[in-house]
Structures are given as C-alpha cells and as structure tokens.
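Each residue of the sequence shown is one higher than the one before, starting from 570 at the first, in our numbering.
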Amino acid sequence: MVKNIVTDSVLLLILCILQQYAFSRLVIFGAMPDIVTIFVAFTALRYGQKQGTTFGFAAGIVTGILSGNIGIETLSKTIEGFIAGYFHIPEDSHASALQKKQLFYKGVFLASLTGRILSTLTLNVLSLPTAWHIAYSIGLATLLTMILAILSYQLFLKKILAK
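(1) Any heavy atom of the ligand SAH within a distance shorter than 7 angstroms of the CB on residue 664?
(2) Taking only the alpha-carbon atoms, compute the straight-line gap between residue 727 and residue 720 and give it to the nearest angstrom.
(3) Pairs of beta-carbons, one from the stretch 633 to 646 and one from the stretch 585 to 597, closer than 8 angstroms: are there three or more?
(4) In terms of alpha-carbon separation, which member of 730, 701, 595 and 603 lies closest to residue 581?
(5) Quick check on this structure: which residue in 722, 623, 662 and 709 has the alpha carbon closest to the alpha carbon of residue 645?
(6) Figure out for me which residue from 670, 648, 708 and 702 has the closest Cα to the Cα of residue 729.
(7) Within its chain, find whatever has a CB closer than 7 angstroms to the CB of residue 664; leave out the 5 residues flanking it on each side and keep chain order.
(8) Measuring alpha carbon to alpha carbon, tell me which of 577, 611, 594 and 616 ends up nearest residue 661.
(9) What does the Cβ neighbour count give for residue 609, buried or exposed, with the cut at 16 atoms within 10 Å?
(10) Quick check on this structure: which residue in 676, 576 and 680 has the alpha carbon closest to the alpha carbon of residue 707?
(11) If I'm right that residue 820 touches residue 654 with Cβ under 8 angstroms, what's the distance once you round it to whole angstroms?
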C-alpha cells in the first residue's frame, strides 16, 4: 500500500507538470482537458474517499503553485477527490469490468463537472461572462476531460481496475 502511494505521488507530480506545460497547449475554444482530474478520480476510486481527497489536495497545491491560482486549484481538486470517492471500488469487490468502467466514468464526470463549475465561478468573480458562456466553457471542458478519460481508461487503466 505504501509503495502504491509513493508511486502514485510521483506520478501525480509528473501529471501536474504535464498538465501545466503540455496539456495547457491543447486549448480548444477556451477549454482544455484536465489529466490531473482524471488521476485524482482514479485514485479516489481505487483507494477511497479519504485518500482521494488527500490526493486532490496535493494535486491542487502542486497545480496551484505551477499556475498561480493556489487557493482555487487546491479547493477544486480537493472537492473533485471527495466527490469521486463516492464511487470507490473496494479491493474485494465482486463488481464486473463493466460496472468498474461505469463507476470510473461517473466519478470522472462528476468530479470534472464540479471542479470546472467551482473554478469558473471563483476565478474571475468580478467579470463573470454571460450564463451561456459559463455553461459553454464548463460543458466543453468536461467533455474534453471525458474524452481523455475514455482514452486513458482504454489504454492504461483498464488493466489496473480489472485486478
């Protein structure tokens, strides 16, 4: 367990750096996918709500330091980990592969949606754009994150969750 947490912590640091310097270049109409949210949701599903919240807090601090929005990032990533933890898959679970996949997608979707709503509403409070623009940016960012989640599940995470 400790070895997994150390490995996941190092991977989290690498993903935060990739998010800031590589995935931030994948902006499509003002929205970008969030690989850190996917990883926070994955750890919450794998280890539970407490560890998901802790990993979200750590991810928020690192992402916030790299981006300059430490408070908002820390809060949104912590809440993302907390929400994704509701879909925790215990180690001794008898859930099928399809059920695990559905729980993963639900966790990532709700975590991403909540994090985007929180970030959008708190980042620029004094100059909030129209409601349509807010819904558009949140919806598109969540959609891009879900596409990335589907790809990462099919390429990497399916084998890990199948155990």
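Backbone N, C-alpha and C define an ideal beta-carbon position, used for all residues, glycine too.
Judging by the given coordinates:
(1) Of ligands this structure carries none, so the ligand SAH is not represented either.
(2) 10 angstroms
(3) yes
(4) Nearest to residue 581 by alpha-carbon distance, out of 730, 701, 595 and 603, is 603.
(5) 623
(6) 670
(7) 658
(8) 616
(9) Buried, because 16 or more other Cβ atoms sit within 10 Å of the Cβ of residue 609.
(10) 680
(11) What the structure shows of the chain is the stretch from 570 to 732, and residue 820 is not part of that stretch, so it cannot be assessed.
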